[in-house]
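Reading through the C-alpha cells given below for one structure.
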Amino acid sequence: MTLPSDNLSMQGRQALEQLQQISDQTILVKFVAPYCPSCETLAPVLEQLVTDYAGALQLVTIDMTEEPELAIMLAIRSAPTVVLFKGSTVIETIAGLKPKKVYREIVQKAIG
Amino acid sequence: MTENLVIIGSGPAGYTAAIYAGRAQLNPIVFEGFSAGGIPGGQLMTTTEVENFPGFAEGVQGPELMKQMRQQALRWGAQCITDDVIAVDFSQRPFVITTDEQSIKTHAVIICTGATAKRLHLPGEELFWNNGISACAICDGANPLFDNAEVAVVGGGDSAAEEALYLTKYAQKVHVLVRSDRLRASKTMQNRLLSHDRIQIHWNCEPVRVYGDQVLRKLEIQDIQSKDLTELFVSGLFYAIGHIPNTELFQGQLTLDPLGYIHTEGKSTATNIPGIWAAGDVQDHHYRQAITAAGTGCMASIEAERWLAENALLIESATMNLSLV
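As given, the protein sequences belong to chains A and B, one line each in that order.
With my numbering applied, the first sequence closes on residue 112, and no number is skipped along the way.
With my numbering applied, the second sequence closes on residue 1325, and no number is skipped along the way.
In C-alpha cells form, the structure reads like this:
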C-alpha cells in the first residue's frame, strides 16, 4: 500500500519557502499542471524516494498555473518538471517524464 | 515460475486484452509502461472528449475512459505494473520479458505498445524539447509561459485541430502550419478551426529550424513551393504530425511491415512467432481508433487463451477464483 500523496508531499510555494528557511535541506519540487496524466504517473515514484530517504528528503508539489511567477523564474515549460533544491540552490532540473532511475540517481548524488 | 501471459502496453488494446485474459483466469501481468512510448493509458490520456466510443451517449473524457478500463482489468485479476519493458527475448521458450527491475518468463505475450507522436527533429529542437517544444498540448498548454503568447501547431489532421483549439484557451494566438493546401481533419473540426478568430492557418509550409535563448523564441518557416524562408515568433511549438509505432524493442525478432508496424496474420492478431500476438495501433495504421484497438485486444486475448489450452500450457489461478467469490 502506498500512502496517499498528502502525507508525503507538501503543496505550494509557501511550503517550499518554509522548508528553504529551515536549513540546507534537499528538496524535490514537482511542478505539475491540471489535467497532466504524466504528473500522476510520476507521483508514486517520487513518494517512494521520500519514503526511502525519510528525514533527508522533502517533496513539494506546486501547480505551475497557481504559481506562474515561480514557474517563469525557473523557466519551467513542461509538466511534470522536477527541480531538486539544496536549500535555495537549484541542483538539477528534469523536464518531462524520464525513466524512474533518473530521479533516484539525482537524489542519490545529492544526498550520497 | 512461468506466467501464462504478459501484456505489454496499457491503452485500450492492452486493458481489453487484460480484461478478457483475467476473466479467462490466465492471471495476466500487464506492463503498463512508465516513460517510454508515451504515457501509461496511451494516447487517450492526452485526448479530451471522446465522442465516438460506444456506450457513452454524452461522450467521455479520454483519461476517465482509461481509468475505467484499468479498474475493470484489475477487478478481473490483472496484475498491473507501471514499468517500461526494456528488452524481450523471443528466441527461447518460455519467452523472457525484462524491465529495469525484473525479468519475467512467460508462455505467451500480447504486444499493445501503440504508437508515439512523431517529432521533426529540427536543428535546435533538442535544446527546446519540453522547453517550448512539445507533442502534448493538453500536458503543456496550461504553462504560464504560454499565457497570452503566440504558439504554433504543426499538422493538418484531427489531432492538430484539437490541439490548436485547446491552445486558444491559454495562448493569445495559435498558428497552424499545414504542409499542403488543405486540412485532413474532419469537416466539423475544419469548420471550428477555420472560423476561430485567434487561429491563423499557414498553408504549404513547414518549420525548418528553431531559435531561442533560455526558452524557445522563434521558428524559421519554409514555403514548400517557393522555398522562401520567413520567421514566426512563437513561445511554443506543438507537433501533431502523426505517429510512429513503438516497435523498437521487437526489431529483428518479429516481422514488421515496411512502416515499422507489427505484421499480423490474416484476420487474426497472430505475429510470425506462435505464442505472440499484437493488438491496437502497434499493428494498425489504418483505423487507429480506441474501439478497434479494444477489439483487437479482445481478439488477441481469445487467441492466446486457445493457444495456451491447445498447447497444454495453461496454469489456471486457484487463488484468483477465491478472491472473486
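Virtual Cβ for every residue (Gly too), placed ideally from N, Cα, C.
Notebook entry, point to check: At least one CB of chain A closer than 8 angstroms to the CB of P1274(B): is that the case?
Noted result: Position 274 of the second sequence, counting from 1, holds the residue named residue 1274(B). It does not: the Cβ of P1274(B) has no partner Cβ on chain A nearer than 8 angstroms.
Note to self: Cβ closer than 7 angstroms: which chain B residues qualify as neighbours of G96(A)?
What the structure shows: What you label residue 96(A) is simply residue 96 of the first sequence in a count that begins at 1. What G96(A) touches in chain B: N1130.
Notebook entry, point to check: Which runs of the beta strand (DSSP E), 3 residues or longer, sit entirely within the stretch 34 to 75 of chain A?
Noted result: 57 to 63
Notebook entry, point to check: Expressed to the nearest angstrom, what Euclidean distance is found between the alpha-carbon atoms of T1319(B) and L1026(B)?
Noted result: Sequence index remark: in the second sequence, residue 1319(B) carries index 319 (1-based). Sequence index remark: in the second sequence, residue 1026(B) carries index 26 (1-based). Note on T1319(B): pLDDT 49, under 50, position unreliable in the model; the coordinate value appears next. As the crow flies, the alpha-carbon of T1319(B) is around 12 angstroms from that of L1026(B).
Notebook entry, point to check: Going along chain A, which residues have a C-beta under 9 angstroms from Q1214(B)?
Noted result: Within the second sequence, residue 1214(B) is the residue found at index 214, counting from 1. Residues of chain A passing the Cβ test: A75.
Item checked: N- and C-terminal bounds of the alpha helix (DSSP H) containing C1298(B) -> On the second sequence, residue 1298(B) is found 298 positions in, with the first residue counted as 1. Here the alpha helix (DSSP H) through C1298(B) covers 1290 to 1310.
Check: What are the residues that DSSP puts in a beta bridge with C1205(B)?
Finding: Locating residue 1205(B) in the second sequence gives position 205, counting from the first residue. Paired residue(s): D1223(B).
Checklist line | Straight-line gap, Q1102(B) to K101(A) (C-alpha atoms, nearest Å) | finding: Taking the second sequence and counting its residues from 1, the one referred to as residue 1102(B) is at position 102. Taking the first sequence and counting its residues from 1, the one referred to as residue 101(A) is at position 101. Roughly 14 angstroms separates the two Cα atoms.
Note to self: Taking the straight line between their C-alpha atoms, what separation do you get for P1012(B) and L42(A)?
What the structure shows: Taking the second sequence and counting its residues from 1, the one referred to as residue 1012(B) is at position 12. Taking the first sequence and counting its residues from 1, the one referred to as residue 42(A) is at position 42. When rounded, the distance between both Cα atoms is 21 angstroms.
Notebook entry, point to check: Per DSSP, which one or two residues make a beta bridge with Y1166(B)?
Noted result: Here residue 1166(B) refers to the residue found at position 166 when the second sequence is read from its first residue. Paired residue(s): none; Y1166(B) is not in a bridge.
Check: Where do the ends of the beta strand (DSSP E) carrying N1004(B) lie?
Finding: Position 4 of the second sequence holds residue 1004(B). Following the DSSP letters along the chain, one finds N1004(B) inside the beta strand (DSSP E) bounded by residues 1002 to 1008.
Check: V98(A) to S1186(B), Cα distance in whole Å?
Finding: Taking the first residue of the first sequence as 1, we reach residue 98(A) at position 98. Taking the first residue of the second sequence as 1, we reach residue 1186(B) at position 186. Contrary to the premise, residue 98(A) reads as Lys rather than Val in this sequence. About 34 angstroms.
Notebook entry, point to check: Under 8 angstroms Cβ-Cβ, which residues of chain B neighbour A71(A)?
Noted result: As a first step, residue 71(A) is located in the first sequence; it is residue number 71 there, counting from the start. Residues of chain B passing the Cβ test: N1143, P1144, L1145.
Item checked: Backbone CA spacing between M1(A) and L8(A) [nearest angstrom] -> The residue given as residue 1(A) occupies position 1 in the first sequence. The residue given as residue 8(A) occupies position 8 in the first sequence. Note that M1(A) scores 35 on pLDDT, short of 50, meaning its location in the model is unreliable; the coordinates nonetheless yield the value given after this. So the alpha carbons of these two residues sit roughly 13 angstroms apart.
Next item on the list: Name the two residues that bound the continuous alpha helix (DSSP H) containing A15(A).
Entry: Walking along the first sequence from the start, residue 15(A) turns up at place 15. Residues 12 to 22.
Notebook entry, point to check: Looking only at C-alpha atoms, which of A1164(B), G1038(B), E1206(B), Q1289(B) sits nearest to S1180(B)?
Noted result: Sequence index remark: in the second sequence, residue 1180(B) carries index 180 (1-based). Nearest option by C-alpha distance: E1206(B).
Notebook entry, point to check: Quick one: what's P1245(B) bridged to in DSSP?
Noted result: Against the second sequence, residue 1245(B) aligns to sequence position 245. Per DSSP, A1115(B).
Note to self: Just to make sure I have the definition right: I need the residues of chain A whose C-beta is within less than 7 angstroms of the C-beta of I1138(B). Which are they?
What the structure shows: Taking the first residue of the second sequence as position 1, residue 1138(B) is located at position 138. In chain order: Y35.
Next item on the list: Report the neighbours of I1244(B) on chain A: residues whose CB is nearer than 7 angstroms to its CB, in chain order.
Entry: Taking the first residue of the second sequence as 1, we reach residue 1244(B) at position 244. Near I1244(B) there are no residues of chain A at all, since even the closest Cβ is about 18 angstroms away, more than 7 angstroms.
Check: How is the alpha helix (DSSP H) around T1188(B) delimited, first residue to last?
Finding: Counting from one through the second sequence, the residue named residue 1188(B) turns up at place 188. 1187 to 1194 is the span of the alpha helix (DSSP H), which, as asked, contains T1188(B).
Notebook entry, point to check: Roughly how many whole angstroms lie between the Cα atoms of Y1020(B) and E66(A)?
Noted result: Taking the second sequence and counting its residues from 1, one reaches residue 1020(B) at position 20. Taking the first sequence and counting its residues from 1, one reaches residue 66(A) at position 66. So the two alpha carbons sit approximately 42 angstroms from each other.
Check: Going by Cα to Cα distance, which pick from P34(A), R104(A), V107(A), G87(A) is closest to S169(A)?
Finding: Nothing about residue 169(A) can be reported from this structure: the residues present for chain A run from 1 to 112 only.
Check: Below 8 angstroms, can you find three or more Cβ-Cβ pairs linking the stretch 34 to 51 of chain A to the stretch 1105 to 1115 of chain B?
Finding: no
Margin query: Closer than 8 angstroms is the cut-off here; do at least three beta carbon pairs connect the stretch 1263 to 1282 of chain B with the stretch 104 to 112 of chain A?
Written below: no
Check: So what's C1136(B) in DSSP terms, helix, strand or just coil?
Finding: Locating residue 1136(B) in the second sequence gives position 136, counting from the first residue. Three-state DSSP puts C1136(B) in coil, outside helix and strand.
Margin query: Could you compute how far the alpha carbon of G55(A) sits from the alpha carbon of N1143(B)?
Written below: In the first sequence, residue 55(A) corresponds to position 55, counting from 1. In the second sequence, residue 1143(B) corresponds to position 143, counting from 1. Approximately 32 angstroms between the Cα atoms of the pair.
Check: Rounded to a whole number of angstroms, what is the C-alpha to C-alpha distance between R1184(B) and E1126(B)?
Finding: As a first step, residue 1184(B) is located in the second sequence; it is residue number 184 there, counting from the start. As a first step, residue 1126(B) is located in the second sequence; it is residue number 126 there, counting from the start. Going from the Cα of R1184(B) to the Cα of E1126(B) covers about 28 angstroms.
Check: How many angstroms separate the CA atom of I62(A) from the CA atom of N1131(B)?
Finding: Position 62 of the first sequence, counting from 1, holds the residue named residue 62(A). Position 131 of the second sequence, counting from 1, holds the residue named residue 1131(B). I62(A) and N1131(B): Cα-Cα distance of roughly 18 angstroms.
Note to self: Can you tell me which residues form a DSSP beta bridge with K1105(B)?
What the structure shows: The count along the second sequence starts at 1 and reaches residue 1105(B) at position 105. Paired residue(s): T1002(B), V1096(B).
Notebook entry, point to check: Cα-Cα, which of L1177(B), V1030(B), V1060(B), T1292(B) is closest to S1120(B)?
Noted result: By 1-based counting over the second sequence, the position of residue 1120(B) is 120. In the sequence on display, residue 1120(B) carries Leu and not Ser. Per the Cα distances, L1177(B).
Margin query: Between the alpha carbons of L3(A) and V60(A), how many angstroms are there, rounded?
Written below: Within the first sequence, numbered from 1, the residue matching residue 3(A) stands at position 3. Within the first sequence, numbered from 1, the residue matching residue 60(A) stands at position 60. Only weak support exists for where L3(A) lies, its pLDDT of 39 falling under 50; the coordinates are left without a value.
Margin query: Mapping the DSSP letters down to three states, classify Q1068(B) as helix, strand or coil.
Written below: Along the second sequence, read from residue 1 onward, the residue named residue 1068(B) stands at position 68. Note: Q1068(B) maps to helix in three-state DSSP.
Next item on the list: Pick helix, strand or coil for E1327(B), following the three-state DSSP scheme.
Entry: Residue 1327(B) lies beyond the range of chain B shown here (1001 to 1325); nothing can be said about it.
Margin query: Give me, in chain order, the residues of the same chain whose beta-carbon lies closer than 7 angstroms to that of G1022(B); leave out the 5 immediate sequence neighbours on both sides.
Written below: Walking along the second sequence from the start, residue 1022(B) turns up at place 22. The residues are P1028, A1073, W1076, G1077, A1078.
Check: At a Cβ cut of 7 angstroms, what residues of the stretch 1015 to 1038 of chain B count as close to chain A, listed as they run along the chain?
Finding: F1034, S1035
Margin query: For chain A, check one thing: does any of its Cβ atoms lie closer than 8 angstroms to the Cβ of M1001(B)?
Written below: Looking up residue 1001(B) in the second sequence gives position 1. No, no contact with chain A.
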